[in-house]
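Written below as structure tokens is the structure these notes are about.
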Amino acid sequence: MKYTVEKLIPESMIRNRVIELGRQIEKDYSGEDNNLVVLGLLRGSFIFMADLSRQIGVGHSIDFLTVSSYGDGMSSSHKIDIIRDLSEEIQNKHVLIVEDIIDTGITLSQVCDYLMQKRPRSLEICALFNKPSRRVINVEVKYIGLSIPDEFIVGYGLDYAQKHRHLPYVGKVIMAE
1 MKYTVEKLIP ESMIRNRVIE LGRQIEKDYS GEDNNLVVLG LLRGSFIFMA DLSRQIGVGH
61 SIDFLTVSSY GDGMSSSHKI DIIRDLSEEI QNKHVLIVED IIDTGITLSQ VCDYLMQKRP
121 RSLEICALFN KPSRRVINVE VKYIGLSIPD EFIVGYGLDY AQKHRHLPYV GKVIMAE
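Following UniProt numbering, the numbering of the sequence shown begins with 1 at its first residue and continues without gaps.
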């Protein structure tokens, strides 16, 4: 299918919002040096997480979790599979999930349920992009970068068929007619 990518959110706006989020997280976790685990959901969060981590002036560790809710099909099964589990224990630690985008909330809700079984001291979510119009399950997100309309977006870690993650800005995918 042919398509184009139209710039929607410039790099400067993303950079400024990431700095603001980092400052707020640093303030909220001050005094918790090395008791905070910044947990990225792969693959889409990796660019945002790297930039955000550099803005958090409180000592923290980094870990990743890879989940899939699609299995072998083209539509979500609404049940997550853990593809790559955590590398460290999170019991009695503050855990901050870093997500690129939240739309339905189904997968993230299940990720939270899974992580709560590991008994963290606290569990919060930081999402760069939020599509509230697509929400099916209400997930409490403490830190939101930008709320966006219901557009299919790429760039800054987000992809279309594994392409465009490298773009420093976010663009919307426009399918050719």
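Every residue, glycine too, gets a C-beta built ideally from N, C-alpha and C.
Problem set entry | beta-carbon I137 near the ligand GTP non-hydrogen atom, thresh 6 Å | For the ligand GTP, the structure offers nothing, since it holds no ligand at all.
For this session: In the DSSP assignment, find the unbroken alpha helix (DSSP H) run with D51 in it and report its ends.
Result: Unbroken alpha helix (DSSP H) run through D51: F46 to Q55.
Exercise. In chain order, what residues of the same chain have a beta carbon less than 6 Å from the beta carbon of I25, not counting five sequence neighbours either side?
Worked result: Contacts found: I56.
Problem set entry | Endpoints, beta strand (DSSP E) assigned at E6 | E6 -> beta strand (DSSP E) spans Y3 to I9.
For this session: Could you tell me if N49 is buried or exposed, where buried requires 16 or more neighbouring beta carbons within 10 angstroms of its beta carbon?
Result: Residue 49 is actually Met in this sequence, not Asn. Under this definition M49 is a buried residue.
Problem set entry | Runs of alpha helix (DSSP H) wholly within the UniProt domain "Phosphoribosyltransferase" (18-160) (minimum 4 residues, chain order) | The qualifying runs are 46-55 and 106-116.
Exercise. Between which two residues does the beta strand (DSSP E) harbouring K172 extend?
Worked result: DSSP places K172 inside the beta strand (DSSP E), whose first and last residues are V170 to M175.
Problem set entry | N130, buried or exposed, once every other Cβ within 10 Å from all chains shown has been counted against 16 | Buried is the call here.
Exercise. Leaving out the 5 sequence neighbours to the left and right, which residues in its chain are closer than 6 Å to S75 when beta-carbon positions are compared?
Worked result: Reliability of the predicted coordinates at S75 is poor, the pLDDT of 42 falling under 50, and the value obtained from them is presented with this limitation in mind. Around S75: no qualifying Cβ.
For this session: Compute the Euclidean distance between the alpha carbons of residue 178 and Q162, then round it to the nearest angstrom.
Result: Because the chain is modelled from 1 through 177, residue 178 falls outside the range shown and cannot be assessed.
Exercise. Using a Cβ-Cβ cut-off of 8 Å (strictly less than) and excluding sequence neighbours within five positions of D159, which residues of its own chain qualify?
Worked result: These residues qualify, in order along the chain: R43, G44 and R165.
Exercise. By how many angstroms is the C-alpha of G31 removed from the C-alpha of V5?
Worked result: Rounded to whole angstroms, V5 to G31 spans 43 Å at the Cα level.
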